[in-house]
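Written out below as structure tokens is the structure these notes cover.
2 protein chains.
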Amino acid sequence: MAQIQTLSKNQKIILDIIEKANEPLKAYSILFNVQKKGIKAPLQVYRALEKLIKLGKIHKVESRNAFVACKNSNCDISKATAFSICETCEKVTEISDQKLSKYLKNFQDKTGMIYKKYNLEFYGLCTACKRS
Amino acid sequence: MAQIQTLSKNQKIILDIIEKANEPLKAYSILFNVQKKGIKAPLQVYRALEKLIKLGKIHKVESRNAFVACKNSNCDISKATAFSICETCEKVTEISDQKLSKYLKNFQDKTGMIYKKYNLEFYGLCTACKRS
DNA sequence: TTAAATATGTTATATTATAACAAACGTTAC
DNA sequence: GTAACGTTTGTTATAATATAACATATTTAA
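For the record, the sequence lines run as chains A and B. Numbering-wise (this note's numbering), the first sequence opens with residue -14 and increments by one. Numbering-wise (this note's numbering), the second sequence opens with residue -14 and increments by one.
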């Protein structure tokens, strides 16, 4: 029932890098960045990523195979994620919209399937790329 | 302006396999299945997949790296996709819900970004797995 | 303080996807 | 018909993403 989860050494190192990046990071680019800190193998990165995702500290942007820090303390331990992705500059922003998340959490399909999580990705043109 | 797009040989073969499968297929499992038909290399598969996606004949289930036939003639040339995915049996169903798609097509974020496409994936427990 | 759970380190390998180049095919305009 | 263009194919090689399996160490909690 521990609410506060202390992160391990590798988990801290990798979360730190993802939080400081202002763009989604790929696993092997993370690996490259942490090699000076003694993390040498892909598995060490993937294991930390897996744990951080479970804790809701980061999310995977599925269509990009990349990882971003959760900017949304409301997001229910990574059970409900929404992103906007610019197809030109690849900028990714986590969408934090109460109405949207409420709508999706309550969504029911015809089959009666129980939904525990969702992930929504919008693709388009960000305002910066629209201008140019 | 051609409305009717005739598929090439490889595209037909690969669409056929995906349509006959009742589950999402992975690229290399498709490759294995079509080797007897003379398609030998991954690129031949990936190129056909890419084209079929553009035409809206199939969709990629991003979180599974797998491909399903479009069951939804309404889905706007693969610009608006929604799936339900059972985390137990991995069954994937394309959701065809007018209200949902209308809601998402009209969704606007705070930044004013223009959305051209979206992909939504719900994860949970299907009715069959719920019973057991 | 010892058992259980979690995290680490390491090597090897599996899986998914694209680059680069050459040739063939299909459509359209003339 | 045929030249020009875009699309598709075939092929080899390689890049990028992710996991298996095993041994050891560390932390947590009864």
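Even for Gly, the Cβ is constructed at its ideal location relative to N, Cα and C. All values reported here derive from a predicted model rather than from experimental measurement.
In chain A, what lies closer than 7 Å to residue i by C-beta?
i: Glu75(B); result: Within chain A, no residue comes near Glu75(B); the closest Cβ sits about 13 Å away, beyond 7 Å.
i: Gly97(B); result: Thr112
i: Tyr88(B); result: Tyr88
i: Lys115(B); result: Ile99
Name the one or two DSSP bridge partners that residue i has.
i: Cys71(A); result: Gly109(A)
i: Thr66(A); result: Asn104(A)
i: Leu10(B); result: Phe52(B)
i: Lys45(B); result: Phe52(B)
Give every residue of the same chain whose Cβ lies closer than 7 Å to the Cβ of residue i, excluding the five residues on either side of it in the sequence, and list them in chain order.
i: Lys22(A); result: Ile(-2)
Please return the same chain residues whose Cβ sits closer than 8 Å to the Cβ of residue i, not counting the five positions on each side in sequence.
i: Asn50(B); result: Lys11 and Ala12
Pick from the options: whose alpha carbon is nearest that of residue i?
i: Leu(-8)(B); options: Val19(B), Thr73(B), Leu34(B) and Pro9(B); result: Leu34(B)
i: Lys115(A); options: Thr96(B), Thr78(B), Asn104(B) and Phe68(B); result: Thr96(B)
i: Lys102(B); options: Pro9(A), Lys42(A) and Cys111(A); result: Cys111(A)
i: Asn(-5)(B); options: Pro9(B), Asn7(B), Glu47(B) and Ile15(B); result: Ile15(B)
i: Val77(B); options: Lys39(B), Val19(B), Leu105(B) and Leu40(B); result: Leu105(B)
i: Ser81(B); options: Glu75(B), Ile70(B), Ile99(B) and Lys56(B); result: Lys56(B)
i: Asp94(B); options: Lys64(A), Gln83(A), Ser58(A) and Ala65(A); result: Gln83(A)
i: Glu8(B); options: Leu40(B), Phe52(B) and Leu28(B); result: Phe52(B)
i: Val30(A); options: Tyr88(A), Ile2(A) and Thr73(A); result: Ile2(A)
Using the three-state DSSP reduction, which class does residue i fall into: helix, strand or coil?
i: Lys101(B); result: strand
i: Phe17(A); result: helix
i: Glu79(B); result: strand
i: Ile(-2)(A); result: helix
i: Lys90(B); result: helix
i: Lys39(A); result: helix
i: Ala51(A); result: strand
i: Ala26(A); result: coil
i: Leu(-8)(A); result: coil
i: Lys115(A); result: helix
i: Lys84(B); result: helix
i: Lys5(A); result: helix
In chain A, which residues lie with their C-beta within 9 Å of the C-beta of residue i?
i: Asn104(B); result: Glu47, Ser48, Asn104, Leu105, Glu106, Phe107 and Tyr108
Residues of chain B with CB closer than 8 Å to the CB of residue i, please, in chain order.
i: Tyr31(A); result: Here the premise fails: no neighbours, minimum Cβ distance about 15 Å.
i: Lys101(A); result: Glu72, Tyr108, Gly109 and Leu110
Going along chain B in order, which residues have a C-beta closer than 7 Å to the C-beta of residue i?
i: Phe92(A); result: Leu85
i: Ile43(A); result: By Cβ distance, chain B contributes nothing, its closest Cβ being about 15 Å from Ile43(A), past 7 Å.
i: Ile80(A); result: Asp94
Residues in its own chain within less than 6 Å of residue i by CB, not counting five upstream and five downstream?
i: Ala113(B); result: none
i: Leu0(B); result: Leu37 and Lys42
i: Phe92(A); result: none
i: Ser86(B); result: Ala65
Going along chain A, which residues have a C-beta under 8 Å from residue i?
i: Ser69(B); result: Asp94, Thr96, Met98 and Tyr100
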